[in-house]
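Heads up: the sequence lines are chains U and E, in that order.
The opening position of the first sequence corresponds to residue 3 in this note's numbering, with each subsequent residue numbered one higher.
The opening position of the second sequence corresponds to residue 4 in this note's numbering, with each subsequent residue numbered one higher.
Glycine included, each C-beta is placed from N, C-alpha and C at the ideal position.
This one's a predicted model, so the numbers in the text were calculated from it and none came from an experiment.
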Amino acid sequence: MFSIILTSISSSVFAQSQQRLSRNFPAGKNVRLELRNISGTITVETWAKDEIRITAEMDTRKATFNPRQTESGLVIDIVGDNRGKDVGDMNFKIQLPARSSVDLETRSGQISVNNIQGELVRAHIWTSGDIVLSGINAARVFATNTIGDIFFDGEFASGGTYEFKSGKGNITLRLPANCGFRLVATAPTKEIKMGPFWHPGMKLMGEGRRIIGDVGDGRASVTVTDYQGNINFLRR
Amino acid sequence: MNCEKYQDLLSDLVDGLASSEDRASVEAHVNGCVVCAEVRDDFVAIVAFCQDHRGEYDAVPNERALWLRISNTIEAEDSGARTKVNVPSGAGWWFRLMNSSWQLSFPKVAAAAVMIAVFASLGTMFIGKMSPQGGGVATQGFGPVMNGLSVDDRYRQQQQAVAYWNQRVELNKARWNQQMRETFDRNMSVIDAAVNDSMTQLRQNPHDPVSEDILNDALNDKVALLKEFSEL
């Protein structure tokens, strides 16, 4: 049933004038959503339904929006579907089950992800845009941009991998007091503020441009890199 | 005249130095000889490559390995000539392969050298392409222990990939709108600043692992960004 509905929707191409489109897709609890946007805002929220709702606001009638079913979930490739076209901003609001994984990418624009408890959260902005990840409890989290701030509020799972990287912007991680992770934080500005997570066992390298050390049980791997900004750790 | 004699004249022919008599003779032969035609094509390709890249020859990733391969090829040619074996008429392909003299003319050796150099350069680009980047999956450095190259060598290699993708981006830039051009340039300048800062640090302290990692990361980011925007 899922396949039939999704295939029928996937085959349709919406090429209309500036507009707002909403579409629902049946989904299991552990669905994976991939979105590759060109420009615009992406907002992801969770809800209690076993389905994905995608609301897209498009600037231009030339834009093609063609979701595709995969074995694991849903793929929306705006870049591939609109190659060679100037489609302007496309803003997405996505609602899906909390146990979902999300892999989001855009050339520019903001990305906001809230309350995801799945396997993966990846937010990548090729150029400018802020990333806000809040209420996250995922085993793997990757957040990267070139210009813009990154904010993470969530938990680190034991054995998980977490990477945050910005070219020019501040990176702020807000974590519970009892979290455990092995940290490699690098900032040439030497502005790495560990806050309550600092302890004398941590090692400073490169005159304070890098801090390496374990916090708590050290079971999660956390890498934070910021070329021209500050890195801040806050306790929840 | 046999093929060997004609091939000796091919270089002059390609350079335009052959006499009219030799030219006519060689061209007549090449028109009917596939082997010599291939040698002539190799020569033309080499000369064209050298003319196109005059004074811009980048070092291949491992020059020593390249020259060892060329040296081995030449030695194989010499030893092959010395140990020529008579092949029985009923011999199988394995016997023929193992007892082949592998005689290579100079143009073939030279063509092989150019091909190795080109493939080595392309390999470097693909290594840059395949490196974890953009998605921020890894942050390993390129310390001297990993590949035996100095930071400068590694930087120069990566610059080849940068130049390649930059060329593609420049071709597409005219199609971009003003906002996209400005965004791209602004973001590229951030990455360039990181590259320049880490290079400055490394000149002051050549063994600074933090600067090496940042340089590696920033160069990978730069290639990834160029690659992404080259598709636009």
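Rounded to the nearest angstrom, what separates valine 47 of chain E and glutamate 41 of chain E at their Cα positions?
10 Å
Under 8 Å, with one C-beta from each stretch per pair, do the region 70–79 of chain U and the region 45–53 of chain U reach the 3-pair mark?
no
Which stretch, first to last residue, makes up the alpha helix (DSSP H) that contains histidine 126 of chain U?
Note, histidine 126 of chain U: premise wrong, no alpha helix (DSSP H); beta strand (DSSP E) at 122–127.
Is the distance from the Cβ of threonine 227 of chain U to the Cβ of threonine 188 of chain U below 7 Å?
Yes, the pair counts as a contact, with Cβ atoms nearer than the cut-off.
Proximity test, Cβ basis, 7 Å: serine 169 of chain U and chain E:
Correcting the residue type first, residue 169 of chain U is glycine in the shown sequence and not serine. Yes, glycine 169 of chain U lies at the interface with chain E (some Cβ there is under 7 Å from its Cβ).
Span of the alpha helix (DSSP H), counted from its first residue to its last, around methionine 207 of chain U
Note, methionine 207 of chain U: premise wrong, no alpha helix (DSSP H); beta strand (DSSP E) at 205–207.
On the CB-based measure, 16 or more other CB atoms within 10 Å of its CB, does leucine 174 of chain E come out buried or exposed?
exposed
Interface residues of the region 187–221 of chain U facing chain E [CB-CB below 8 Å]:
Thr188, Pro190, Met207, Gly208, Arg211 and Arg212
Helix, strand or coil at glutamate 7 of chain E according to DSSP, with G and I counted as helix
helix
Just to confirm, is the Cβ distance from glycine 131 of chain U to asparagine 147 of chain U under 7 Å?
yes
For the alpha helix (DSSP H) holding threonine 203 of chain E, just list the boundary residues, first then last.
181–207
Where the region 131–165 of chain U meets chain E: residues whose CB sits under 7 Å from a CB there:
Phe144, Thr146, Thr148, Ile149 and Glu165
CB serine 41 of chain U to CB serine 110 of chain U, shorter than 7 Å?
yes
What do you get for asparagine 223 of chain E, buried or exposed, if any count of 16 or more other CB atoms within 10 angstroms of its CB means buried?
buried
In the DSSP assignment, find the beta strand (DSSP E) that holds leucine 98 of chain U and state where it starts and stops.
92–99
Does the separation of the CB atoms of isoleucine 138 of chain U and glycine 156 of chain U fall below 7 Å?
yes
Checking contacts by CB at 7 Å: is valine 193 of chain E closer than that to chain U?
Closer than 7 Å to some Cβ of chain U, the Cβ of valine 193 of chain E qualifies, so yes.
Starting from tryptophan 49 of chain U, trace the beta strand (DSSP E) both ways and give me its first and last residue.
Per DSSP, the continuous beta strand (DSSP E) segment holding tryptophan 49 of chain U begins and ends at 44–49.
Could you check if isoleucine 127 of chain U is buried or exposed, using at least 16 other CB atoms within 10 Å of its CB as the buried criterion?
buried
Would you mind sorting asparagine 190 of chain E into buried or exposed? The rule is 16 or more other CB atoms within 10 Å of its CB.
buried
Starting from lysine 176 of chain E, trace the beta strand (DSSP E) both ways and give me its first and last residue.
Lysine 176 of chain E -> not in any beta strand (DSSP E); alpha helix (DSSP H) instead, spanning 154–176.
Taking 7 Å as the CB-CB cut-off, is glycine 131 of chain E touching chain U?
Low confidence applies to glycine 131 of chain E: its pLDDT is 45, below 50, so where it sits in the model is not reliable, and the reading given next is rough at best. Not an interface residue.
Let me know the secondary structure DSSP gives lysine 195 of chain U once reduced to three states.
strand
Going along chain E, which residues have a C-beta under 7 Å from serine 110 of chain U?
Thr186
Asparagine 169 of chain E and leucine 218 of chain E - do their beta-carbons sit closer together than 7 Å?
Pairing leucine 218 of chain E with asparagine 169 of chain E gives a Cβ-Cβ distance that is not under 7 Å.
Buried or exposed (CB count within 10 angstroms, at least 16 for buried), alanine 51 of chain E
exposed
Is it true that the CB of leucine 185 of chain U sits closer than 7 Å to the CB of glycine 215 of chain U?
yes
Buried or exposed: which applies to lysine 225 of chain E, given that a residue is buried once 16 or more other Cβ atoms fall within 10 Å of its Cβ?
buried
Whole-angstrom Cβ separation of phenylalanine 183 of chain U and glycine 220 of chain U, contact assumed at under 8 Å?
6 Å
List the residues of chain U whose Cβ lies closer than 8 Å to the Cβ of alanine 197 of chain E, in chain order.
Gly169, Pro190, Tyr229 and Gln230
CA nearest to the CA of phenylalanine 154 of chain U, picked from U:Arg124, U:Thr129, U:Ser160 and U:Thr66:
U:Arg124
Does threonine 129 of chain U get closer than 7 Å to chain E when you measure Cβ to Cβ?
yes
Tell me, please, whether the CB atom of valine 226 of chain E is closer than 7 Å to any CB atom in chain U?
Chain U contact via Cβ: absent.
Cβ of valine 193 of chain E within 7 Å of Cβ of glycine 169 of chain U?
yes
Residue interval of the beta strand (DSSP E) (run including lysine 170 of chain U):
In the DSSP assignment, lysine 170 of chain U falls within the beta strand (DSSP E) that extends over 163–170.
Within 7 Å, strictly: CB atoms of alanine 145 of chain U and isoleucine 152 of chain U
yes
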